[in-house]
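Novice: Please find one structure pasted underneath; my questions will follow.
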Amino acid sequence: MVLIVTIIIVLAAVLAYGRKETSMQLLQWKGRGTTKNLQEVFLGRCYNYITTVKPELRDKDCQKIWATMQNAFVYKNPCNITTEDYQPLLDLASHPVPCNKSLFWSKTNDLVHRYTKTNHNFLTLEDTLLGYVADGVSWCGSRFSPGINYESCPKWSECENNPNTVYWKMASKMFAEAACGTVQVMLNGSIDGAFNNNSMFGSVEIFNLNPHKVSSVRIWLMYNIGGPQRESCTGRSITSLKTILEERNLSVSCEDNYRPVQLLQCASDPDHADCRLCTNSIQ
Ligand SMILES: *[C@@H]1O[C@H](CO)[C@@H](O)[C@H](O)[C@H]1NC(C)=O
Ligand SMILES: *[C@@H]1O[C@H](CO)[C@@H](O)[C@H](O)[C@H]1NC(C)=O
Ligand SMILES: *[C@@H]1O[C@H](CO)[C@@H](O)[C@H](O)[C@H]1NC(C)=O
Ligand SMILES: *[C@@H]1O[C@H](CO)[C@@H](O)[C@H](O)[C@H]1NC(C)=O
Ligand SMILES: *[C@@H]1O[C@H](CO)[C@@H](O)[C@H](O)[C@H]1NC(C)=O
Numbered sequence: 001m002v003l004i005v006t007i008i009i010v011l012a013a014v015l016a017y018g019r020k021e022t023s024m025q026l027l028q029w030k031g032r033g034t035t036k037n038l039q040e041v042f043l044g045r046c047y048n049y050i051t052t053v054k055p056e057l058r059d060k061d062c063q064k065i066w067a068t069m070q071n072a073f074v075y076k077n078p079c080n081i082t083t084e085d086y087q088p089l090l091d092l093a094s095h096p097v098p099c100n101k102s103l104f105w106s107k108t109n110d111l112v113h114r115y116t117k118t119n120h121n122f123l124t125l126e127d128t129l130l131g132y133v134a135d136g137v138s139w140c141g142s143r144f145s146p147g148i149n150y151e152s153c154p155k156w157s158e159c160e161n162n163p164n165t166v167y168w169k170m171a172s173k174m175f176a177e178a179a180c181g182t183v184q185v186m187l188n189g190s191i192d193g194a195f196n197n198n199s200m201f202g203s204v205e206i207f208n209l210n211p212h213k214v215s216s217v218r219i220w221l222m223y224n225i226g227g228p229q230r231e232s233c234t235g236r237s238i239t240s241l242k243t244i245l246e247e248r249n250l251s252v253s254c255e256d257n258y259r260p261v262q263l264l265q266c267a268s269d270p271d272h273a274d275c276r277l278c279t280n281s282i283q
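In our numbering, the protein residues as written are 1 to 283.
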């Protein structure tokens with residue numbers, strides 16, 4: 001009896017302490033917390049990438065890459081991350097992207113990655129090692145042990161210099177700087193303002209394309225099957241994108257419904273009226 005009472009008291013004390021910790025640090029930010037098992041996810045993706053996705057990168061050291069990733073944010077103030085924090089990680093994990101293959105995107109996340117999965121002539125940032133290991137996960141530090149906040153992380157609106165935003169900005173900048181030859185960008189014509197100057201593409205990537213290396217930019221403007229078509233190649237935001245690029249001495253072209261990608265959309269929706277052209281051409 002005494003034993004049982006003791007156990008209950010101890011349990012209650014532990015729970016109460018845990019809850020106090022929780023209210024102290026855990027509900028602090030508005031964004032989602034660090035992805036559970038971040039280390040395993042990160043390392044697993046890294047090894048998968050250098051083993052099966054791009055075996056030519058087999059000499060990359062995933063353990064060391066993870067260690068530099070940890071150094072960048074663990075135990076650090078998640079509102080005070082700098083480019084210096086990530087520089088060692090970017091130096092270790094970056095790799096060249098062949099000319100003509102860089103594919104940028106904005107608001108077409110699902111479609112663009114379905115496309116690069118089947119067409120290996122193109123690579124998005126998420127198809128490079130840096131993008132691959134971090135895609136869809138979140139992370140941030142905490143001053144409490146273990147130095148990682150699994151409960152919440154700052155949103156961009158709470159503080160700009162948070163670990164995720166700084167990471168993606170740097171990786172995007174690097175990806176754009178590395179581009180050469182003809183580059184392409186897949187934009188979403190089914191939303192208002194297909195080109196958004198606040199997006200990563202509109203605020204970081206276009207300004208880091210090197211006009212001495214990049215000869216031209218091809219815009220692929222895609223629509224949802226069944227529409228709507230809110231903006232065409234002559235629309236207001238696309239025109240403003242063309243102007244920005246031309247001022248940087250890059251030549252620009254734009255194509256509505258770029259056919260290879262539309263065929264992929266139609267593969268998931270073959271009976272839709274918008275996809276009839278595909279069957280007509282076979283008849
Ligand atoms: C932010 O980080 C810099 C450099 O690491 C440091 O000098 C500065 O004191 C930090 N500021 C805050 C508010 O933590
Ligand atoms: C890139 O495309 C241009 C123009 O289409 C072509 O002349 C060049 O050889 C291509 N470069 C590579 C590395 O494929
Ligand atoms: C365009 O954006 C909307 C809203 O985010 C999304 O539902 C749709 O799938 C996107 N279309 C394409 C072609 O990516
Ligand atoms: C961004 O776009 C908005 C609206 O489309 C425009 O008012 C603003 O001037 C643009 N900002 C820059 C820096 O071009
Ligand atoms: C674009 O090219 C023109 C003529 O070669 C040059 O005068 C101008 O400085 C260039 N602009 C940029 C942004 O590189």
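Idealized CB from N, CA, C, for every residue including glycine.
None of the values given here were measured: they were computed from a predicted structure.
Is C266 a contact residue of ligand 2, with contact defined as CB to any heavy atom under 6 Å?
Specialist: Position 266 of the sequence shown, counted from the first residue, corresponds to residue 266. No.
Novice: So what's S240 in DSSP terms, helix, strand or just coil?
Specialist: One-based indexing of the sequence shown puts residue 240 at position 240. S240 falls in the helix class under three-state DSSP.
Novice: How is G147 classed by DSSP in three states: helix, strand or coil?
Specialist: Start at 1 with the first residue of the sequence shown, and residue 147 comes out as number 147. In this structure, G147 counts as coil in the three-state DSSP scheme.
Novice: Write down the C-beta distance between G235 and A194 rounded to the nearest angstrom, noting that I regard them as a contact closer than 8 Å.
Specialist: As a first step, residue 235 is located in the sequence shown; it is residue number 235 there, counting from the start. As a first step, residue 194 is located in the sequence shown; it is residue number 194 there, counting from the start. G235 to A194, Cβ: 7 Å. Contact.
Novice: Quick one: using the 10 Å Cβ neighbour count with 16 as the cut-off for buried, is L130 buried or exposed?
Specialist: Translated into the one-based positions of the sequence shown, residue 130 becomes position 130. By the 10 Å Cβ count, L130 comes out buried.
Novice: Going straight from the alpha carbon of D59 to that of C254, what length do you get?
Specialist: Walking along the sequence shown from the start, residue 59 turns up at place 59. Walking along the sequence shown from the start, residue 254 turns up at place 254. Each residue's alpha carbon lies about 39 Å from the other.
Novice: Who are the Cβ neighbours of C99 in its own chain at under 7 Å, not counting the five residues just before and after it?
Specialist: Here residue 99 refers to the residue found at position 99 of the sequence shown. Once the five neighbours on either side are set aside, the close Cβ partners of C99 are C180 and G181.
Novice: With H, G and I counted as helix, E and B as strand and the rest as coil, what does DSSP make of S102?
Specialist: In the sequence shown, residue 102 corresponds to position 102, counting from 1. DSSP places S102 in strand when its eight states are reduced to three.
Novice: Tell me the start and end of each unbroken alpha helix (DSSP H) in the segment 53-132 that is at least 4 residues and wholly inside, in chain order.
Specialist: 62-73, 83-93 and 109-118
Novice: Quick one, which of V204, S268 and A267 has its alpha-carbon nearest L245's?
Specialist: In the sequence shown, the residue the question calls residue 245 occupies position 245. Answer by Cα proximity: V204.
Novice: Any idea which residues DSSP pairs E220 with across the strands?
Specialist: Within the sequence shown, residue 220 is the residue found at index 220, counting from 1. Residue identity check: residue 220 is Trp in the sequence provided, not Glu. M186 and E255.
Novice: Could you name the residues, in chain order, whose CB is less than 7 Å away from a heavy atom belonging to ligand 2?
Specialist: Neighbourhood of ligand 2, defined by CB distance below 7 Å to any of its heavy atoms: P98, C99, N100, G181 and T182, in chain order.
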